[in-house]
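Number of protein chains: 2
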Amino acid sequence: MDGGTNVSIDALTRLTAALAEDLQATNRAIVARMDSPVALIPQLAAHLVAAGGKRLRPLLTLASARLCGYQGERHVQLAACVEFIHTATLLHDDVVDESILRRGLASANAVFGNKASVLVGDFLFARAFQLMVADGSLDVLRILSAAAATIAEGEVLQLTTQNDLATTEQKYFDVIRGKTAALFAAACEVGAVIAARPAPECAALARYGMDLGMAFQLVDDALDYAADAAELGKTIGDDFREGKLTYPVLLAIAEGSGEETDFWNRTIGEGAQTEADLATALEFIRRHDTIARTIARAREFAESAIAALAIFTASPLKDNLQDVARYTTARGY
Amino acid sequence: MDGGTNVSIDALTRLTAALAEDLQATNRAIVARMDSPVALIPQLAAHLVAAGGKRLRPLLTLASARLCGYQGERHVQLAACVEFIHTATLLHDDVVDESILRRGLASANAVFGNKASVLVGDFLFARAFQLMVADGSLDVLRILSAAAATIAEGEVLQLTTQNDLATTEQKYFDVIRGKTAALFAAACEVGAVIAARPAPECAALARYGMDLGMAFQLVDDALDYAADAAELGKTIGDDFREGKLTYPVLLAIAEGSGEETDFWNRTIGEGAQTEADLATALEFIRRHDTIARTIARAREFAESAIAALAIFTASPLKDNLQDVARYTTARGY
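Line order of the protein sequences matches chains E and H.
Letter by letter, the first sequence follows residues 535 to 867 of the working numbering.
Letter by letter, the second sequence follows residues 535 to 867 of the working numbering.
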């Protein structure tokens, strides 16, 4: 996976370089618009927003707009707005439940507390809508407010499937479509919309974003059980500890029996885990080869994303976006 | 305060009766639009939204629209949208901090957990924006997205003033203007905006809502220390236990010395409380007569709210809205 990782980073690095000016303008907009007389807001938001990060979602907005020949300035503000929505969901994802606290798993929000994460997330979400309103396009507002509702639905659905061994593949795909892919899709679609492209091109970019997001999340869920990710300094097993029914584990549960079934019932179903359980989970996952199968599923979505861009004429940016999809399934980011 | 309570309920009851048809339509819109294929969303939202409640904020939108002679249907959807924003903030207010959990003060969200409160709140917030987008007025979107940002700023400011004995009156008023009055103001203003009234009337209703909201929150903060509220079956002392620097306590702290200062430093500043401390707090508050003084301050805002409506011609609805403001300072709701 090492070679793939490098190639993957390369596709994204090239995209970032190609859009460097737009991205710098977006970063300036982000810092300017997350300001508030209430000092804790920029302080806390800076931890996530201003710190940089990959800016993958705003890059998609910028790239989609440019792919569609857009020449104005609106894509910069909308890219900032997409990043605010993403950051708000990250902050709200950080909120810990009583049950998790009891298991001693307090997360990043420990510095500021649950409530601050929630409220600063709310501020960024509201600010995102103010940016959209300032942009003035009801079409853009329609796409992003629908995405925001879908994200919340996906997150709630994920919550209800947590620890539920009866979770179906269909439900899993509904969860990741909502919590991840919907914003990728919206981020891309608005780029085409502000360029006033015809409906098929808007739909093609929405499809590209949706499928890229699906691939992205499948890989993310695979990496959480990938031992070599641990060697890269990433923590693994978070999803296992939280009892999330992700794809690699869904497949292993479906095909396991006897001691495996008992194991999943206890560790995921009842959430009763010991330190040693992660190693056993990894062993069962290896036994059913579900990481490779998860990546293979991701590859199908990536292929679909690549195909969605077929209607656009050839350009370095189109190649670059297709490469980003192509190498999502080998990413280390 | 008993007589006042009855009069207060009466003004709101009359308003509710005058707008009964609009309100029923709003309730239908609320139930219809909080639906989702993700079952937990309507389940949890129903606890707050569908259960009924006073619907004070949506009533303000309905009443403002009607006061401005509005004859269409848009006010119903926007009233639902205002209620969704309010309910989202209630759900997010329910989120408990680790520190509060440690003090054993888990709240209403105990049934579903922190995370569900956050995510269902997010859904309602996003759905509110979808309703506004469907309405199609950028002016309405501007007003309500600005209010949403201001609410979040007010809530964060409140968080940063918690346990901070140096909190100024100015800061307290900034907090309640943000967390409460901004939505009252926006709820009223959009009623005038959809009726396409001239700017002074829109501003007058925004002013009415803002001042009514300030009065409302001041009274709320007074009632939290009002022993006779306890007799009405309300819990008192919540703000004290959470270390909130509300007006009655701000005044008492400013004028206390010696044992009083030591007491506030320990109980509010350090948050180190025992069961018996609330009685002492009530005693110090009585000593400085700060409940009556808080109500007096609320009365000033209520007077300003009443005066704001002066530019409208006489009508039963105008009288009714002025009565609602007048008796806010004697309310039991």
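C-beta atoms are modelled at their ideal positions from N, C-alpha and C, and glycine is treated no differently.
Leaving out five residues on either side along the sequence, give the residues of the same chain with a beta carbon under 8 Å from the beta carbon of residue i.
{"i": "residue 806/E", "result": "800"}
{"i": "residue 707/H", "result": "748"}
{"i": "residue 751/H", "result": "710, 713, 714, 715"}
So what's residue i in DSSP terms, helix, strand or just coil?
{"i": "residue 779/E", "result": "coil"}
{"i": "residue 769/H", "result": "coil"}
{"i": "residue 553/E", "result": "coil"}
{"i": "residue 581/H", "result": "helix"}
{"i": "residue 854/E", "result": "helix"}
{"i": "residue 792/H", "result": "coil"}
{"i": "residue 699/H", "result": "coil"}
{"i": "residue 706/E", "result": "helix"}
{"i": "residue 823/E", "result": "coil"}
{"i": "residue 742/H", "result": "helix"}
{"i": "residue 729/H", "result": "coil"}
{"i": "residue 679/H", "result": "helix"}
{"i": "residue 548/H", "result": "helix"}
{"i": "residue 588/H", "result": "coil"}
{"i": "residue 568/H", "result": "coil"}
Beta-carbon within less than 6 Å of residue i's beta-carbon, same chain only, minus the 5 sequence neighbours each way: which residues are those?
{"i": "residue 575/H", "result": "654, 657"}
{"i": "residue 809/H", "result": "none"}
Just the C-alpha distance for residue i and residue j, rounded to the nearest angstrom, thanks.
{"i": "residue 818/H", "j": "residue 702/H", "result": "19 Å"}
{"i": "residue 790/H", "j": "residue 779/H", "result": "15 Å"}
{"i": "residue 566/H", "j": "residue 607/H", "result": "16 Å"}
{"i": "residue 792/H", "j": "residue 798/H", "result": "10 Å"}
{"i": "residue 847/H", "j": "residue 610/H", "result": "24 Å"}
{"i": "residue 756/H", "j": "residue 816/H", "result": "11 Å"}
{"i": "residue 591/E", "j": "residue 771/E", "result": "25 Å"}
{"i": "residue 559/H", "j": "residue 605/H", "result": "14 Å"}
{"i": "residue 820/H", "j": "residue 699/H", "result": "19 Å"}
{"i": "residue 683/H", "j": "residue 742/E", "result": "32 Å"}
{"i": "residue 552/E", "j": "residue 854/E", "result": "9 Å"}
{"i": "residue 691/E", "j": "residue 711/E", "result": "11 Å"}
{"i": "residue 627/H", "j": "residue 581/H", "result": "15 Å"}
{"i": "residue 760/E", "j": "residue 554/E", "result": "32 Å"}
{"i": "residue 600/E", "j": "residue 660/E", "result": "27 Å"}
{"i": "residue 678/H", "j": "residue 556/E", "result": "29 Å"}
{"i": "residue 570/E", "j": "residue 564/E", "result": "12 Å"}
{"i": "residue 740/H", "j": "residue 731/E", "result": "40 Å"}
{"i": "residue 568/E", "j": "residue 777/E", "result": "34 Å"}
Short check: CB of residue i to CB of residue j, under 7 Å?
{"i": "residue 863/E", "j": "residue 831/E", "result": "no"}
{"i": "residue 886/H", "j": "residue 668/H", "result": "Any question about residue 886/H goes unanswered here, given that chain H covers just 535 to 867."}
{"i": "residue 744/E", "j": "residue 726/E", "result": "no"}
{"i": "residue 672/E", "j": "residue 666/E", "result": "no"}
{"i": "residue 616/E", "j": "residue 651/E", "result": "no"}
{"i": "residue 836/H", "j": "residue 749/H", "result": "yes"}
{"i": "residue 796/H", "j": "residue 773/H", "result": "no"}
{"i": "residue 736/H", "j": "residue 598/H", "result": "no"}
{"i": "residue 649/H", "j": "residue 693/E", "result": "yes"}
{"i": "residue 545/E", "j": "residue 858/E", "result": "yes"}
{"i": "residue 596/E", "j": "residue 613/E", "result": "yes"}
{"i": "residue 824/E", "j": "residue 782/E", "result": "yes"}
{"i": "residue 733/E", "j": "residue 603/E", "result": "no"}
{"i": "residue 720/E", "j": "residue 681/E", "result": "yes"}
Output, in chain order, the set of chain E residues within a Cβ distance shorter than 9 Å of residue i.
{"i": "residue 841/H", "result": "Within 9 Å Cβ-Cβ: nothing; residue 841/H doesn't reach chain E, min ~28 Å."}
{"i": "residue 787/H", "result": "What residue 787/H touches in chain E: nothing, since even the nearest Cβ is about 22 Å away."}
Residue i versus chain E: which residues are under 7 Å apart at the beta carbon?
{"i": "residue 659/H", "result": "659"}
{"i": "residue 679/H", "result": "660, 663, 664, 667"}
{"i": "residue 676/H", "result": "667"}
{"i": "residue 570/H", "result": "687"}
{"i": "residue 771/H", "result": "Here the premise fails: no neighbours, minimum Cβ distance about 20 Å."}
Output, in chain order, the set of chain H residues within a Cβ distance shorter than 8 Å of residue i.
{"i": "residue 581/E", "result": "Ordered by position in chain H, no residue passes the 8 Å Cβ test against residue 581/E, which lies about 14 Å from the chain."}
{"i": "residue 672/E", "result": "667, 670, 672"}
Against residue i, what residues of chain H qualify as contacts under a CB-to-CB distance less than 7 Å, listed in chain order?
{"i": "residue 683/E", "result": "657, 660, 661, 664"}
{"i": "residue 821/E", "result": "Here the premise fails: no neighbours, minimum Cβ distance about 32 Å."}
{"i": "residue 689/E", "result": "653"}
To which residues of the same chain is residue i closer than 7 Å at the C-beta, ignoring the five residues directly before and after it?
{"i": "residue 753/E", "result": "829, 832, 862, 863, 865"}
{"i": "residue 695/E", "result": "701, 705, 709, 779"}
{"i": "residue 827/H", "result": "785"}
{"i": "residue 713/E", "result": "685, 688, 689, 692"}
{"i": "residue 856/H", "result": "840, 843"}
{"i": "residue 838/E", "result": "745"}
Between residue i and chain B, is any beta-carbon pair separated by less than 7 Å?
{"i": "residue 728/H", "result": "Protein chains E and H are contained in the structure displayed, whereas chain B is not."}
Which bits of chain E does residue i rub up against, with CB to CB less than 8 Å?
{"i": "residue 620/H", "result": "In chain order: nothing, as chain E lies at least about 13 Å away."}
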